[in-house]
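A quick write-up on the structure given underneath.
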Amino acid sequence: MKALRFWLEAGEAAVPLWSPDQRVARGLGWLAAIGLTLFIALPLLAILLQAVIDSESGQLSLAPVQAVLASPGFLDSLLGSLTVSLATVALVLPTALVFAFALTRSRMPGRGLFKLLALSPLLAPSLMPGISLVYLFGNQGLLKSWLGDASIYGPIGIVLGEAFYTFPHALLILLTALAVADARLYEAAETLGASRLRRLLTVTLPNARYGLISAGLVVFTLAMTDFGVAKVIGGQYKVLALEAYKQVIGQQNFGKGAVIGLMLLLPAVLSLLVERWVAGSRSASLGGRSVAFHPPENRWRDGALWLFCGGVLIGLLALLGVAMAASFIKLWPYSLELTLAHYDFDQMDGGGWQAFRNSVQMAAWTALVGTLGVFGVAYLLEKMPLPPLARQICRTLALLPMAVPGLVLGLGYIFCFNHPANPLHGLYGSLAILVLATVAHFYTTAHLTISTALRQLDGEIEAVSATLCRPFWVTVWRVTLPICLPALFDVARFFFVSALTTVSCVIFLYTPDTVLAGVAVLNMDDAGETAGAAAMATLIVATALLASLLLSAAGSLLNRRAQAWRGQPH
Amino acid sequence: MYPNTLLKPFALLLAGLAGMAQANTTLTVYTALEADQLKAYQEQFEKEHPDIKLKWVRDSTGVITAKLLAEKASPQADVVMGVAASSLLVLEKEGMLQPYSPKGIEKLSRQYVDSASPPAWAGMDVWGAAICFNTVEAAKLGLKKPESWADLAKPEYKGRIVMPNPASSGTGFFDVTAWLGLFGEKEGWSYMDRLHDNIAQYTHSGSKPCKQAAAGEFPIGISFEYRAAKLKAGGAPIDLIFPKEGLGWDLEATALLKGGKNPEQARKLADWAVSRTANELYEKNFAIVAMPGVAKPNEHIPANYEQRLVKQDLRWVAGNRDRILAEWTRRYDAKSEKK
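Printed below as a string of C-alpha cells:
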C-alpha cells in the first residue's frame, strides 16, 4: 500500500496520466454549470427583471416596486407576515429545543419512536394542519370551547398551522446541534459546583447557539413564505405570501406578484447571511480529545421530558389525524356516518383522481432526475478536476435554492419559460417543468447530503482506478455509486416526499393536464369542499409514508448486498 | 445486477409516458361552471361528437376573466362556456370574441342572447342569488331568519355571514351590482359598509359560503340557487332565502374566441350549447334556461323566481366592472381586519 501511494504521488506530479478522462470531466463540469444556470439562476434573474421593468414602457424603472409599496394594505400584509412568523418562531423554537434535548440528552424511554412521530409533519402538505384546525377549533370544531371567544380564522390558526409545518425542520437542526457534546465540559462544571440549571445555561445552550439561530431563521423563513396555511385558515388576515398568490392567480397581475415575491426573498437571503456570519465565528465544539457525553440517569428529568414530548406529539398527530378522520365522515357535524364519498374526487373541483396520478408520476420523476442529477454534479465537484469557473458556478448555484422560497422560484419559472424568446418555451405547461422546478427547489438539501457522503470516500479510489487505466465512469458505476447507495436512497426519498407535498413551488406552473394533488387540496378547499380536501391530503400522507417505507426497505436491502465487503475479513 | 434492478421501474415509467399520445382534436374550454356540472355536459357532447375531446380550464368567474384578459395577445382557449355574460361583454369590448350565430339560436329567448347580429355570445341559463340559512345553528345562536338584504346588515348577524369575494367570484359580483342597482350608488355602498361589519369571511368561490352554511361553520352564506338547492336536497339543515328586495343574477353564456386554434370544432360546441339536449342538461341544475319551455319547477326554488330577479342592464354592469371592483377592493379588501 505504501509503495502504491508513493508511486501514485509521483504519478500525480507528472500529470498527463488521466487526461482523456479529464477532458470528459471538464465537459461534464461545464454541462452541469449550464444546467444549474438554466434552471436555478435564470428563473431568479427573470423574476428580478420582471420587478424592475415597467410593463407599459419596457424601461428599467422602480415604479412597479413603488406601486406595491404604496398600495393600500401592503403594510398590513407585511406586518401580518412578520407577526405570525415571529410568533411561530417563539412557539416552535423552545418546543423543538426541549424536544431535541429530550431525544439527545436524556434516557427517556421510546426516543426512537418519538423522533419518527415528531418528523411525521414532513409527510403532509402545509394545507393539512389548516384543514385539521378547522375541524378542531372552527365554529363546529371538536374543541371550539378551548378558544373562548377567539376565532381560529386568523393569526391564531396561522401560527398553529405554521408551527406544525415548521416543527420537524427546527427539530432536525437542533438534533444535529445537540447530538455532539463534550462530557469534559460537564464534568468541569460539576466539579466547580455549578447547579443543574447553571450547567444548562452555561454549557448546553451556548454550545447549541449555532443550531438555535439556524433553526430560528429556518422557521421564520418557512412561516414567512408559506401561503398554504394562511389560505385555509387565515380568514381575512393578510399575509404577504398570500398576497403574492392572489395577485398572480386571482388577478393575473404578474408584475405585482413578482415584486412581492422578491420581498419574500429578503428574509431568506438575510437568514442565509446571518447564518454564514454565525458559522464563521463558531469554533469546533468537538475536538480530538473530546469525550462523548452520556446522560446520567435521572428519573424525574426523564419523566418530565416524556410528558412534555408526549404532549407535543399529541398536538402534532392531532393536526395530522383529525383531517384524515374527517375525510371519512359524511357531513360533519350533522351526519357522522362513515363514507368514502369524499374520495370521489372526479365529482369535485380540483382536478379529480388525475391530480393524484400526476402527483405520483411527478414525484417519481423528481426522485429519479433529482437524485441522479444531484449525484452527478456533487461527484464532479468532489472528485474531478473542473475548470475553476465551472466549479464556482456549480458550487454557488447548488447552495442558492436554500434561500429561495418555492413561491418565488415558481414565479421565476413562469417568467423565464413562458417567455416566447426562450428556446425551452416548449417545456412550459408540461410535467417536465414541474419536475425541474421541484428538483431546483429542493436541490440544496439533497446536494449537501450527497456531498457529505462523497467526502467520506477516499480520493484515492479515483487515483487507483486511474492508474489501472479505468475511465472514471466505470469507477463511479462499480465503486462510488454502490458505496453511496444509502445516501442516494435517502435523497430519493426526500425528493419523492417533498415533490408529493409541495404546493408553493408548483402552484403557478400546473395546467389542467398536469394538476397536482397538493394543488387539488388547495382548490377543493377554495370551493368549500373541505372534506374532499382532507381526503386528498390524507391520500398524500399515505402515499408519502408508503414510498418512504418502500424506499427505506429497498435502500437497506441493496445496501446489505452492495456493502457486503465491509463485513469481510481483510 | 442491482443497478439494473434499480433502474427498471423508471424505465417502465418512461415507456408509460411515451405511450400517452392524443388521438383526436382537443378543444380547450374555459369555464366557471361548477365541477359537478361539467361531467354531464362533457359526456353528452363527446357522445354526439366522438372526434372532439373537451379540456376544461375551470376557475371562479373573476379568475377566468382575468386569465382570458391576460392571454389576450395569444389566446389559449378555443371556447368560453359557462362564463358570466357580464364578463363576456368585457371580452367583447376588448375585441376578443368571434361573433357567431349557432345553429338553432332562434329557438332561445331573445333576452338571453347577445343583441348584436351575429351575436357575440349565447346564454345557457340564469344563475341568481340565494341565501343559505342553517336552521340548526341559528336555533343554537338564537338568530332570527332574515327575510331581506336589509336584515343581513342588522348588528345581530355580526360575524355570522359569509359571502363570496366579488373580485374572484361571479356570484359575489352580481350581489354587489344588484345592491348598487336596488339601493342606488350611495346607499348601496353604505349598505355594504354595514354588511361588511357582519361578514366573517369573503370566500374565493361562490359555492363556498353555502357549503360553509350547510356544514354549520357559519350560519348564513350568501351564494346562488343551484348550490343551495343541491345542498338542501343532499340533506343539509338549511333553509333557502330569496331576499324580497330582489335577486342579483347573471347569465352563463358561451362564446368563441378570436384566434382560437380549432374554429370548426369550436363552432360545433357552440351549436351544441344552444341545442335542446344541452338545455335539458342545464335544466337539471338551473331554474331558468335559455330555451323556453324546457325548465321544470324545482321543489326548493319558488315558482316566481324569474320575476324576483332584479332588473339590470348587463352592458352597464360590464362597463362598470373595473370601477366597481376597484372601489370594493379599496373599501373592504385593503382594509385591515377589525378587531
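In order, the protein sequences belong to chains U and R. Counting from 1, one number per residue, gives the positions in the first sequence under the UniProt record's numbering. Counting from 1, one number per residue, gives the positions in the second sequence under the UniProt record's numbering. Positions of the beta carbon are idealized from the N, C-alpha and C atoms, including for glycine. Bear in mind that the values here come from a model prediction, so they are computed numbers and not experimental data.
Per DSSP, methionine 81 of chain R is one residue of the beta strand (DSSP E) stretching across 79-84.
Put simply, the CB of proline 237 of chain R is near chain U, with a gap under 8 angstroms to one of its CB atoms. Taking the C-beta atoms as reference points, leucine 97 of chain R is found no nearer than 8 angstroms to leucine 269 of chain R. Here isoleucine 199 of chain R is buried, its C-beta having at least 16 other C-beta atoms within 10 Å. In the DSSP assignment, arginine 478 of chain U falls outside any beta strand (DSSP E), carrying neither H nor E. DSSP lists R:Gly221, R:Leu240 as the bridge partner or partners of cysteine 132 of chain R. Within the region 396-440 of chain U, the runs of alpha helix (DSSP H) that reach at least 4 residues and sit entirely inside it are, in chain order, 406-417. In the three-state scheme derived from DSSP, where H, G and I count as helix and E and B as strand, tryptophan 189 of chain R is classed as helix. U:Phe167 is the residue among U:Phe167, U:Gln140, U:Asn422 whose C-alpha sits nearest the C-alpha of alanine 90 of chain U. Residue-level contact by beta carbon holds for alanine 527 of chain U and chain R, with a gap shorter than 8 angstroms. Here glycine 248 of chain R is near aspartate 175 of chain R, since their CB atoms are less than 8 angstroms apart. The C-alpha of histidine 441 of chain U lies about 54 angstroms from the C-alpha of serine 109 of chain R. Residue nearest to glutamine 22 of chain U within the set U:Arg470, U:Phe496, U:Leu500 is U:Arg470 (criterion: CA-CA distance). Distances from the CA of cysteine 505 of chain U to each of U:Thr37, U:Gly528, U:Leu117, U:Ser126 were compared; the closest alpha carbon is that of U:Ser126. Beyond the five residues adjoining it in sequence on each side, glycine 261 of chain U comes within less than 7 angstroms, by CB distance, of Ile47, Ala244, Leu407, Val408, Leu411 in the same chain, given in chain order. Look at the beta carbons and you see the region 355-372 of chain U not touching the region 387-394 of chain U: under three pairs across the two are nearer than 8 angstroms. Rounded to whole angstroms, the separation of the alpha carbons of alanine 517 of chain U and valine 126 of chain R is 33 angstroms. For a cut-off of 8 angstroms, the C-beta gap from threonine 88 of chain U to valine 159 of chain U is around 5 angstroms, short enough to register as a contact. Residues of the region 201-216 of chain R whose Cβ lies closer than 8 angstroms to any Cβ of chain U, in chain order: Gln201, Tyr202, Thr203, His204, Ser205, Ser207, Lys208, Pro209, Cys210, Lys211, Gln212, Ala214, Ala215, Gly216.
About 6 angstroms separates the beta carbons of isoleucine 238 of chain R and alanine 213 of chain R, which is inside the 8 angstroms limit, making them a contact pair.
DSSP places valine 57 of chain R in no alpha helix (DSSP H) but in the uninterrupted beta strand (DSSP E) bounded by 52-58. Secondary structure note for threonine 501 of chain U: its alpha helix (DSSP H) is the uninterrupted segment 485-501. With the rule of 3 Cβ pairs closer than 8 angstroms, the region 113-127 of chain R does not count as touching the region 181-188 of chain R. Here the region 220-237 of chain U makes contact with the region 522-534 of chain U; the two share three or more CB pairs at distances below 8 angstroms.
Look at valine 57 of chain R: its C-beta is under 8 angstroms from a C-beta on chain U.
Here alanine 223 of chain U is actually not in contact with leucine 174 of chain U; their C-beta atoms are around 17 angstroms apart, not less than 8 angstroms.
Apart from the 5 residues on each side of it in sequence, alanine 363 of chain U sits with its Cβ closer than 7 angstroms to the Cβ of Phe496, Ala499, Leu500 in its chain, given in chain order. Fewer than three Cβ pairs drawn from the region 326-334 of chain U and the region 478-490 of chain U lie within less than 8 angstroms of each other, which leaves the two stretches out of contact. Excluding the 5 residues flanking it on each side, methionine 402 of chain U has same chain C-beta neighbours closer than 6 angstroms at Thr444, in chain order. When rounded, the separation of the alpha-carbon atoms in threonine 502 of chain U and alanine 189 of chain U is 46 angstroms.
Counting every other CB atom within 10 Å of its CB across the protein chains shown gives isoleucine 34 of chain U a total below 16, marking it as exposed.
The three-state secondary structure of threonine 449 of chain U, taken from DSSP, is helix. Contacts with chain U at 8 angstroms (Cβ-Cβ) do not include valine 310 of chain R.
If you check the CB distance, glutamate 137 of chain R and proline 219 of chain R come in under 8 angstroms.
Residue pairing by DSSP places valine 162 of chain R opposite R:Gln201, R:Gly221 in a beta bridge. When rounded, the separation of the alpha-carbon atoms in glutamate 382 of chain U and proline 512 of chain U is 41 angstroms.
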